[in-house]
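Have a look at the structure below, then the notes.
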Amino acid sequence: MAVVDQPAPAVEAPTENVLTASGLTGETLTLRVLKGVPGGEQAEVAYQVPVVAGMVILDAVHYVQHNLDTDLACRWNCKAAKCGSCSAEVNGHPVLMCKTRVDDLPAGPVTVHPLKSFPLIKDLVTDVSRNYEVNREIPPFTAAPDDGTPWRIPQQDIDRLYEFRKCIECFLCQDVCHILRSHDYADRFYGPRFFVRVASLEMHPKDVLDRREQTREQGGLGYCNITKCCTEVCPEHIHITDNAIIPLKERVADVHWDPVRFVGRKLFGRNGD
Amino acid sequence: MAAPPEPYDIIECDVLVVGAGGAGMRAAIAAADAGCSVTVVTKSLLGKAHTVMAEGGIAAGIGNVDPEDSWEVHFADTMLGGQLLNNWRMVELYAHEVIDRVLELERWGGLFDRTDDGRIMQRAFGAHSWKRLAHVGDRTGLELIRTCQDKMVHTPGVAVCMEYTLTALLKSGDRVCGAFGYNRNTGAFVAFKAGAVILASGGWGRMYRYTSNSWECSGDGAAMAYAAGADLLDMEFVQFHPTGMIWPPGARGILVTEAVRGEGGFLFNAEGSRFMLDYDPVKKELSSRDVVARSIYKEVQAGRGTPHGGAYLDVRHLGADYVKRKLPSMYEQFHALASVDITSQPMEVGPTIHYTMGGVRVEPETAATTVPGLYAAGEVAGGLHGANRLGGNSLGDILVFGRRAGVAAAEFARTTGASRVIDDAQIATEQADLLEPLGGDANGSTPGENPYKLHEDLQLAMQDDAGIGRSEESLQRALGGIQALRERSTHIRVSGGRALNPGWHTVRDVTNMLVISEAIVRSAIERRESRGSQWRFDHLDQEVAYGKVNFVTRRGADTMDVVSVPLDPLPERLRPLLERSRFYDAAKLPKGYLTETTPSEAANAPAVTPKRKKQ
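Going down the list, the sequences are from chains V and B.
Using the numbering used here, you'd call the opening residue of the first sequence number -12 and step up by one each time.
Using the numbering used here, you'd call the opening residue of the second sequence number 7 and step up by one each time.
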């Protein structure tokens, strides 16, 4: 991989502007951003960024955009860790750039790369559209037709769903999951985010559909060998493996590996149960 | 004549929805349910819209917690909160229908916190008479958007175009028949040919320096509507939330939820004085947003601000366990971004731009704008909130009027909008305008303005001179600044090509923000009084005359015209409802058509309703 050093504005004294107004620490951060487009060579470009107190990586990328390279592409929205847009791999770790403090990283240059598991669009932006296709494949929430609102639902019945509904769809779990990252099984594996989605539907007290066979067959739930990489990177601290995937595996086992149903399927075909 | 346009893609649909927040998605579902083909266009990925930022809840007079509540009390609170400048019919429809919209969300799989007997829980919020906000923890907006998103993508007939920017509405004669823009990732031009267009593009906080808004909130929808000849209403009203983070610099503006004060947080100045006891001894920290924001501002101006120019928000007395349980996201936010442990240290907070009450002028029933074929719903539309919005009324707004816009646009698309013609001359002009800044170099020796720098300068001008406190002098200064920036904007140049070039994308964001900023400033100049979110240092009181009018911004031949239009007074049948609000005080009614000051006015005015007995 080529490394291009951007020479000129490195030592330019930063002007007081929206991004640097007070709080300058006097230090300089070397930000090495992997730039490139599909089909072309990707190369790290080094930028010198004046460090501001409490600076996060997204602030540094914005400084580059405003002052050094207006063409540098990154995706972001809320800058408050609520929308899940600014996912990237910082020093090799999948993180939200808006939540990653410069002063929490080891001294020295910081690398910022796009998510590796998704096709590149440009610089730090990748094509995550496959995730939206998977979501479409999962049958939506469905209540019994005659079960009209307003509903009475005890709080205890939905407490465990809260965790799943916190998901901000940053897709860091999809990025880090080795079934998608190393094996490239996007065509046969929903991925952690969508097992969380299925779990939230399956455990909803008012939902009447059964998505277990589909999750096993089209969703490839069995490929997951519970290495918990997804749980480790989740910025919302969702216990993806323990609270969504393992319970789903148990539920699938209930329906698929039940001996009576198993024999029934063998005798009468797939829908024999 | 302009040269023939560069070839462009055409996407045709019955109803085009601009924006994929709560309003856009609810509109799309309604239009598709009415049998129309719908295309939803969003600048971002689906599910990232600003709706996710809403924390508090959806206000609805269901009365699950406080049985005294009803749509009528909600109506009264909203009208009084808006200082009676609201469009009363919008408020009436809203207060009625938001109850159904909340139950509908639940029917679509949305979760809400529950009461002990299993019904939807409701919480108290500033200036609502009763516990009214249906909520789920402090992430109600995310729940709303995920629920609508799931419903929409599984609704037949809805297509979504993610990461497209629209730059102009296309017109056929007087009628809007589509929109033009580009695919952000490739830079390819595309025309959307539609029977009707719904703007659901949100507000415009980004022209201010300290804002809780995302980059998307650049006012594209309002700017396109203005360019197409639509009226903008109440543009002077921009809401400051009293508590945003102010340190570190990169986090400045990020919201600190009102729930912090709701849970019992205190505000102190640098001298350790709990100043809200002086400004509002009754409601204290839970006074309305405009009052708390101004109080913090006054403390800072008086030299009693914190080191970074704000106030201390303190929850230490609540106990560490309680704080972590009730305010988990605030604990996390300050811990991660500011290295502040709010259980042992106070937070530094100050006012931040939060919401825009003004917007495209619409008909209450249909959300139709003043241009045929064009509809507007949610924050981009004006009228519902009057001079100040109550917390919890925006999530309800987007559902109620998103649905109404979808239904009405579908009807229009099938009838008047059935014939759709695109004018290539309009497209050629728009293409030339969009391509002009490309090819230069904003960083190097080629003369040209950097769009980001223009944006920063605009933010400074608006923050300082058209912000929380305003005067004729400061507003004139802001206007001059905007005009100078508009001149500079004709020289914008950006490097790079058309494929996913953020610098290029920023050009149109900035020119849109310049238009909307001018509308804000010109309207603020005309309203020579302090009312709701508008605080004029040179006109500190409310004036009866200004309580009878809204200001409308519209495009003249070469000018931006701001005209006053008389507002439709509350009809007799609804006036008694105002007294149902717990905050009703006949002696302190917002000045306007319900109050009188001068004998001559009293003589001319139609019989003003006297104070009525409680029902």
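Ideal placement from N, C-alpha and C gives every residue a C-beta, glycine not left out.
Residue i versus residue j - alpha carbon distance
i: B:V329; j: B:G69; result: 28 Å
i: B:S451; j: B:A130; result: Summary for B:S451: the model assigns pLDDT 45, below 50, so the residue's position carries little reliability, and this model does not support an answer.
i: B:K304; j: B:R310; result: 9 Å
i: V:Q201; j: B:V297; result: 55 Å
i: B:G27; j: B:L205; result: 11 Å
i: B:D106; j: V:R252; result: 44 Å
i: B:R492; j: B:L485; result: 10 Å
i: B:Y170; j: B:R190; result: 5 Å
i: V:V77; j: B:G389; result: 45 Å
i: V:G71; j: V:P127; result: 22 Å
i: B:R258; j: V:E219; result: 29 Å
i: B:S570; j: B:I64; result: 32 Å
i: B:S350; j: B:G116; result: 36 Å
i: B:V406; j: B:V262; result: 27 Å
i: B:L292; j: B:A140; result: 19 Å
i: V:H224; j: V:D114; result: 24 Å
i: B:C19; j: B:V166; result: 11 Å
i: B:E444; j: B:V568; result: Going by the sequence as given, residue 444 of chain B is Leu instead of Glu. If I take the Cα positions, the gap works out to 34 Å.
i: V:C85; j: V:T98; result: 15 Å
i: B:A530; j: B:R300; result: 17 Å
i: B:T45; j: B:G53; result: 16 Å
Cβ-based burial, residue i [other Cβ within 10 Å; buried from 16]
i: B:H341; result: exposed
i: V:Q143; result: exposed
i: B:L22; result: buried
i: B:E222; result: buried
i: B:E78; result: buried
i: V:V250; result: exposed
i: B:S480; result: buried
i: V:S169; result: exposed
i: V:L254; result: exposed
i: V:E31; result: buried
i: B:Q339; result: buried
i: V:G79; result: exposed
i: B:E371; result: exposed
i: B:A438; result: exposed
i: B:P10; result: exposed
i: B:Q482; result: exposed
Under 8 Å by beta carbon: chain B residues contacting residue i
i: V:T181; result: The displayed chain sequence assigns Phe, not Thr, to residue 181 of chain V. By Cβ distance, chain B contributes nothing, its closest Cβ being about 12 Å from V:F181, past 8 Å.
i: V:S74; result: Simply none; closest approach about 11 Å.
i: V:H53; result: N456, Y458, K459, E462
C-beta contact flag for residue i and residue j at 8 Å
i: B:E524; j: B:M468; result: no
i: B:A419; j: B:I404; result: no
i: B:L324; j: B:E264; result: no
i: B:P255; j: V:A68; result: no
i: B:S477; j: B:D544; result: yes
i: B:G412; j: B:A36; result: yes
i: B:M213; j: B:L595; result: no
i: B:G271; j: B:V306; result: no
i: B:V182; j: B:A233; result: no
i: B:A202; j: B:A185; result: no
i: V:K109; j: B:L111; result: no
i: V:V36; j: V:T129; result: no
i: V:R147; j: B:R125; result: no
Listed by chain order, chain V residues near residue i by CB distance under 8 Å
i: B:A342; result: A68, K86, R88
i: B:L506; result: A60, I108, K109, D110, V112
i: B:M353; result: By Cβ distance, chain V contributes nothing, its closest Cβ being about 14 Å from B:M353, past 8 Å.
Amino acids of chain B, ordered along the chain, whose beta-carbon sits closer than 7 Å to that of residue i
i: V:K22; result: Ordered by position in chain B, no residue passes the 7 Å Cβ test against V:K22, which lies about 11 Å from the chain.
i: V:S104; result: In chain order: nothing, as chain B lies at least about 16 Å away.
Neighbour flag for residue i against chain A, beta carbons, 8 Å
i: B:I348; result: This model lacks chain A altogether, as its protein chains are V and B.
Proximal residues of chain V, C-beta to C-beta of residue i below 7 Å
i: B:D156; result: P127, F128
i: B:N93; result: Simply none; closest approach about 29 Å.
Chain-ordered chain B contacts of residue i [CB-CB under 9 Å]
i: V:Q142; result: D119, R120, T121, D122, G124, M127
**Study point:** Whole runs of the alpha helix (DSSP H) within the segment 158 to 242 of chain B, excluding any shorter than 4 residues
**Key:** 226 to 233
Check your understanding: Mind pulling the beta strand (DSSP E) runs of 3 or more residues that sit fully within the segment 43 to 72 of chain B?
Key -> 44 to 48
Exercise for review: Go through the segment 81 to 130 of chain V residue by residue and report every complete run of the alpha helix (DSSP H) that reaches 4 residues or more, in order.
Suggested key: 116 to 124
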